[in-house]
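Asks: Using this note's numbering, the letters of the sequence shown correspond one by one to residues 15 to 486.
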Amino acid sequence: MKYDYHIIVIGAGSAGLVTASGIATIGAKVALIESDKMGGDCLNTGCVPSKTFLKSAHIASAMNDGSQYGIDSGPINVDWQAVKTRIQSIIKEIEPHDSKERFEKMGVDVFLGKAYLLDNHTVLIGEEKITGRNIVLATGSDPLIPSIPGLQSVPYKTNLDIFDLPELPKKLLILGSGSIALELGQGFSHLGVDVTIISRSSRLFQRDEPEVHDTMLNTLSRAGMKIHLNAAIMQVVSIDNDVKVQFEERGIPIEVTGDTLLVALGRKPATASLGLENTKVQCDKKGFIITDQNLRTHESNIYACGDVVGPYLFTHMAGYQAGIVIRNVLFRLGSKVDYKKVTWCTYTKPEVAHVGLTEAQARDQGLYKESLYFPLNKNDRARTDNDRIGFLKLVVNKKGLLIGATIVSEKAGDLIPLATLAIQKGLKPSSFLGIIYPYPIIAESYSSAALEKTKSSLKEWHKKLIHFVFLR
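#1: Return yes when the Cβ of residue 385 is within less than 7 Å of the Cβ of residue 409, no when it is not.
#2: Could you give the distance in angstroms between the alpha-carbon of residue 389 and the alpha-carbon of residue 293?
#3: From this set, 332, 245, 403, 381, which residue's C-alpha is nearest residue 232's C-alpha?
#4: Identify the residues that DSSP records as bridge partners of residue 48: which are they?
#5: What first and last residue would you give for the beta strand (DSSP E) that runs through residue 260?
#6: If residue 56 sits next to residue 27, beta carbons under 8 Å apart, how far is it from one beta carbon to the other, in whole angstroms?
#7: For residue 191, I'd like the list of residues in its chain whose CB is within less than 6 Å of its CB, leaving aside the five on either flank, ordered along the chain.
#8: DSSP three-state label for residue 389, please.
#9: Kindly confirm or deny that the region 154-170 and the region 241-256 touch, where touching means at least three C-beta pairs closer than 8 Å.
#10: Mind checking residue 200: buried by the 16 CB within 10 Å criterion, or exposed?
#11: When burial is assigned at 16 or more other CB atoms within 10 Å of the CB, is residue 45 buried or exposed?
#12: For the alpha helix (DSSP H) containing residue 114, name the first residue and the last one.
#13: Smallest Cα separation from residue 135: which of 105, 107, 19, 464?
#14: Between the alpha carbons of residue 270 and residue 195, how many angstroms are there, rounded?
#15: If you check the beta carbons only, do residue 150 and residue 259 fall under 7 Å apart?
#16: Taking the alpha-carbon positions, what's the residue 407 to residue 144 distance?
#17: What's the gap between the Cα of residue 368 and the Cα of residue 416?
#18: List the endpoints of the continuous alpha helix (DSSP H) containing residue 76.
#19: Since residue 94 and residue 182 should fall inside the 8 Å C-beta cutoff, what is the C-beta to C-beta distance between them, to a whole number of angstroms?
#20: Does residue 382 pass the burial test, meaning 16 or more other C-beta atoms within 10 Å, or should it be called exposed?
#21: Could you pull the DSSP bridge partners for residue 249 from this structure?
#22: Please say whether residue 359 and residue 339 have beta carbons closer to each other than 7 Å?
#23: Measure the alpha-carbon distance for residue 378 versus residue 428 and round it to whole angstroms.
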């Protein structure tokens, strides 16, 4: 059968854009369908606006801390309209890279409209039908809004519209304690907003090492943020122009009131009204599309990648999965996803970055030998910058190889790739000792951790032997 397109990609977020551009590069006929804005969540309501916002917040924080460095800037004035204008300007600056015009120049046919699967080869967009040999589902995810008594009766914000607020909040209540909640919560706190976080989780940064929770809970709390964990939300009510959240924390009833409510309770895959029921494509209990290791669905010619698949809802993971799909759709290479070396970063201050296994995961898998820990307050660059909060933790397996790393530090996201490369290459922590680091930088913590291990491994008889052979 002859099809209109070699590939139809549904969704023009990170996963869809990478897939469409990669496949179009070799001359295949590609259709790209987007129901909202080109660039998806990352460009329009996620990574780009939030990181732009956080830069403004961090500048405010630095100005507030100026006295520590001998600088007295006086009371700061936050121009919320200017902050929002800058956010939009950065989006506009990046927008052309993800635009309809750019992809059409690549030879991609871009359709702006809602896609609906009529069968495993046919897609309906409005009243137009197109067919494709293969289809790639990259529809992304949406904010998860759980069923909480009273929530639908009060005004609330999500990451989709938090930066549409006409004025800076005075008291911000946040439901949730994931990356979005903590990044935005701390950001607004830096801008002088009274921030309260309410979460049913028992600790922050649940996927990370327990030391991360301890460090960041102390950091956020000392900065004035109020954090309620183990909270069972009972009800949300509207009082005049405010919102009240009623919950129990360890059995104790508590009420908090704010003028703005942000719901950041996770994400759900965007598969509603997609027509999956007209195909063999299946979803799990949470709605994520089920695929094999090649990212192929139960329909042999349909693949899926990005947030709609999970398990990691990151822009860089969407790009990685898109690469797997490209190789499998075009070249039938049988490429498989490997999530053992997944890297992520939460852009709080300090940042929290991780790759590989945690100590607990390594123990559960019977791989664990030891962990190397180096506190940042022993690093000279951390001292000069007065960014002493944080640590580096390296997890080592029974063969002595690095299998996991966690960094809590300024620019931790920029530092974690060194550990990622070491894990990918199957290196030992001692390999960090072979690097000549410019002095002083935070990355020296890698060699410091390895050096501490080397020193502690030296037995008394080692020292005596060295002295006997070389120093007598």
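Virtual Cβ for every residue (Gly too), placed ideally from N, Cα, C.
Replies: According to the data block:
#1: yes
#2: 53 Å
#3: 403
#4: 126
#5: 256-263
#6: 6 Å
#7: 211, 213, 215, 218
#8: strand
#9: yes
#10: buried
#11: buried
#12: 114-119
#13: 19
#14: 17 Å
#15: no
#16: 52 Å
#17: 13 Å
#18: 61-78
#19: 4 Å
#20: buried
#21: 260
#22: no
#23: 29 Å
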